[in-house]
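Undergrad: Using this note's numbering, you'd call the opening residue of the sequence shown number 357 and step up by one each time.
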Amino acid sequence: INMPDMDGIQATNEITKSVPTTAVIMMSVQTETDYMRKAMQAGARYFLLKPVDPDELYGTIRTVYKNHEPIRRQQRALMEMPLEIATRKPSAAGLGGEVRAGNILVVYSPSGGSGCTTIATNLASGLMRRGIKVLLIDADLQFGDVGVFLKLQAQSTLVDLVDKVEDLDVEFFDSVVSTHDSGLKVLLGPQ
């Protein structure tokens, strides 16, 4: 898109920031991989090269709409949530202050040896270096190896946390979480 004030990448970025439930499909004559990558980073859900076949466009719209439905449902649920729930103060945790929204990033592969541990630990470390509070959780109860990867030995693990979930308090949670030399907080899986 060639507009007077911004290009398609900037427009996509602004649209997806303003309306996160929007699924943008970008169409362009640009064939460079870098341009397509920038479009996806800006929030485009799909990229089509012009000229676009009408059947391909129709199929793409249907697919993107279907794949984006869980995000729209989640946003609707958040919007319908009563204000007193959305801003409630934590009771069991005893943290004080209001509950803040966080982000959950999942790195998953159905097969071992695909690099999930490497990606997850590097992602967590990178976010932490940017000043973002991060808790890396190794939820692989059978083959979790974040502890090995980060050379951490824990006295307590995720399993210990699950056993005491009803009586969870800040002190106990902190005792289960390990801290890497870099400052990264880690909740290890069973070893």
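Built from N, CA and C at the ideal position, the CB exists for glycine as well.
Are at least three pairs of beta-carbons, each pair with one atom in the region 521 to 536 and one in the region 501 to 513, less than 8 Å apart?
TA: yes
Undergrad: Less than 8 Å between C-beta atoms, sequence neighbours within five positions excluded: which residues of the same chain meet that for Ala395?
TA: Result list for Ala395: Gly364, Ile365, Thr368, Met382, Ser384, Phe403, in chain order.
Undergrad: Output yes or no for whether 7 Å exceeds the beta carbon distance between Asp494 and Val502.
TA: Yes. Within cutoff.
Undergrad: Val521 to Leu492, Cα distance in whole Å?
TA: 18 Å
Undergrad: Unbroken alpha helix (DSSP H) runs of length 4 or more, entirely within the region 358 to 408: which are they?
TA: 364 to 374, 389 to 398
Undergrad: Label Leu514 either buried or exposed according to how many other C-beta atoms from any shown protein chain fall within 10 Å of its C-beta, with 16 as the threshold for buried.
TA: buried
Undergrad: May I have the straight-line CA-CA distance separating Asp537 from Arg486, to the nearest angstrom?
TA: 16 Å
Undergrad: Counting along the chain, where does the beta strand (DSSP E) carrying Val542 start and finish?
TA: 541 to 543
Undergrad: If distances are taken between C-alpha atoms only, which option among Gly482, Ile475, Ile371, Thr387 comes closest to Val462?
TA: Ile475
Undergrad: With His424 and Arg401 assumed to form a contact (beta carbons below 8 Å), what rounded beta-carbon distance in angstroms separates them?
TA: 6 Å
Undergrad: Among residues of its own chain, excluding the 5 on either side of Leu506, which ones have a beta-carbon nearer than 7 Å to its beta-carbon?
TA: Thr477, His536, Val542
Undergrad: Evaluate Thr387 with the Cβ neighbour count: other Cβ atoms within 10 Å of its Cβ, from every protein chain shown; 16 or more gives buried, anything less gives exposed.
TA: exposed
Undergrad: Alpha helix (DSSP H) containing Ile475: first to last residue?
TA: 472 to 485
Undergrad: Looking only at its own chain, which residues have a Cβ that is under 7 Å from the Cβ of Tyr464, when we skip the five neighbours before and after it?
TA: Cys472.
Undergrad: Alpha carbon to alpha carbon, what distance is there between Gly399 and Ser374?
TA: So the alpha carbons of these two residues sit roughly 11 Å apart.
Undergrad: Excluding the 5 residues preceding and the 5 following Gly468 in the sequence, name in chain order all residues of the same chain whose CB lies nearer than 7 Å to its CB.
TA: Phe499
Undergrad: On a CA-only basis, which of Glu412, Phe528, Thr378 is nearest Arg432? Give me that one, please.
TA: Thr378
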